[in-house]
Amino acid sequence: DQQVKQNSPSLSVQEGRISILNCDYTNSMFDYFLWYKKYPAEGPTFLISISSIKDKNEDGRFTVFLNKSAKHLSLHIVPSQPGDSAVYFCAASSPGNQFYFGTGTSLTVIP
Amino acid sequence: GAVVSQHPSWVICKSGTSVKIECRSLDFQATTMFWYRQFPKQSLMLMATSNEGSKATYEQGVEKDKFLINHASLTLSTLTVTSAHPEDSSFYICSASFGGDGYNSPLHFGNGTRLTVT
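Chain order of the listed sequences is A and B. Note that my numbering has the first sequence beginning at -2, numbered continuously upward. Note that my numbering has the second sequence beginning at 1410, numbered continuously upward.
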């Protein structure tokens, strides 16, 4: 049972525009959410996180939005750069439990 | 920043042999490390939680006798795939967290090991 879902396997965006990556979850007990970036043949790299007490967290070009009622979070990258091209995973956890990962969205930023 | 080192990055072995994968936390002590497996175009699936000084906790469906985990020190966990078969071919990734069980603390991942069993 996939508790964290990323329904878009891929996304293409022009350089300088905004990239929006979406993630949905089913477990209402999740209270900590993260986004990871992954290049081929490498492990995921932590990007940004948000706890359920917030609805927005910003770090430079990256902003994560959390909509608890909709069980939805999104990652906004603006402006998008070619170096942002990678696979992005969202992950969620609840207290004392493991992280659940989505299947990833492959982002391509076109120069 | 925190660094998790995983070795080897890729390995090819013959069916029936065993392969050991090492995961080290280079600049912090990790009482808990996690081992994931990733199939193509699928999400990271937690295989087991490795606890320093005690037995690993395996997720449902993961054969503990096939995937041996040893957490010998606060900076080293090993995963041994015993009697490997072609279906064990996959991308294995370890991770660790400053925050012990990782709650409210991001995981830091190794670069993964691509295992191919022929």
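The C-beta atom is built at its ideal place from N, Cα and C for all residues, glycine as well.
Coil, strand or helix - residue i by DSSP
| i | result |
| --- | --- |
| A/E12 | coil |
| A/D56 | strand |
| A/D21 | strand |
| A/E39 | coil |
| B/E1472 | coil |
| B/E1431 | strand |
Span separating the alpha-carbon of residue i from that of residue j
| i | j | result |
| --- | --- | --- |
| B/S1482 | A/S9 | 44 angstroms |
| A/I142 | A/R58 | The first residue shown for chain A is -2 and the last is 108, placing residue 142 of chain A beyond what the model contains. |
| A/S25 | B/T1458 | 23 angstroms |
| B/T1440 | B/H1416 | 19 angstroms |
| A/F43 | A/L31 | 8 angstroms |
| A/I74 | A/L63 | 15 angstroms |
| A/T105 | B/S1418 | 25 angstroms |
| A/S7 | A/I107 | 13 angstroms |
| A/V61 | A/D52 | 8 angstroms |
| B/K1473 | B/T1466 | 9 angstroms |
| A/D28 | B/K1475 | 33 angstroms |
| A/F98 | A/C87 | 6 angstroms |
| B/A1493 | B/C1503 | 19 angstroms |
| B/L1516 | B/S1452 | 15 angstroms |
| A/S77 | A/F96 | 27 angstroms |
| A/A151 | A/D56 | Past the edges of chain A, shown from -2 to 108, lies residue 151 of chain A, and the structure says nothing about it. |
| B/S1514 | A/I47 | 10 angstroms |
| B/Q1447 | A/T100 | 10 angstroms |
| A/S90 | B/S1506 | 14 angstroms |
| A/P79 | B/G1425 | 43 angstroms |
| A/N94 | B/F1437 | 22 angstroms |
| B/C1432 | A/N54 | 31 angstroms |
Residues bridged to residue i [DSSP beta-bridge criterion]
| i | result |
| --- | --- |
| B/Q1415 | B/C1432 |
| B/S1459 | B/M1442 |
| B/A1465 | For B/A1465, which the question treats as bridged, DSSP gives no partner whatsoever. |
| A/H69 | A/D21, A/N64 |
| B/L1453 | B/Q1447 |
| B/H1494 | According to DSSP, B/H1494 bridges with nothing at all. |
| B/I1502 | B/Y1445 |
| A/A89 | A/F30, A/Y97 |
| A/V84 | A/K35, A/S103 |
Whole-Å CB distance - residue i paired with residue j, under 8 angstroms assumed
| i | j | result |
| --- | --- | --- |
| A/P41 | B/F1443 | About 12 angstroms separates the two Cβ atoms, so there is no contact after all. |
| B/L1488 | B/I1430 | 5 angstroms |
| B/L1524 | B/V1471 | About 15 angstroms separates the two Cβ atoms, so there is no contact after all. |
| A/Y85 | A/L70 | Incorrect: roughly 12 angstroms between the Cβ atoms, too far for contact. |
| A/A67 | A/K34 | So it is not a contact: roughly 24 angstroms between Cβ atoms. |
| B/S1393 | B/L1435 | This structure cannot settle anything about residue 1393 of chain B, because the visible part of chain B is limited to 1410 through 1527. |
| B/T1522 | B/K1423 | Contact doesn't hold; Cβ gap of about 17 angstroms is too wide. |
Interface partners of residue i on chain E, CB under 7 angstroms
| i | result |
| --- | --- |
| A/P41 | Checking the listed chains, one finds no chain E in this structure; the protein chains it contains are A and B. |
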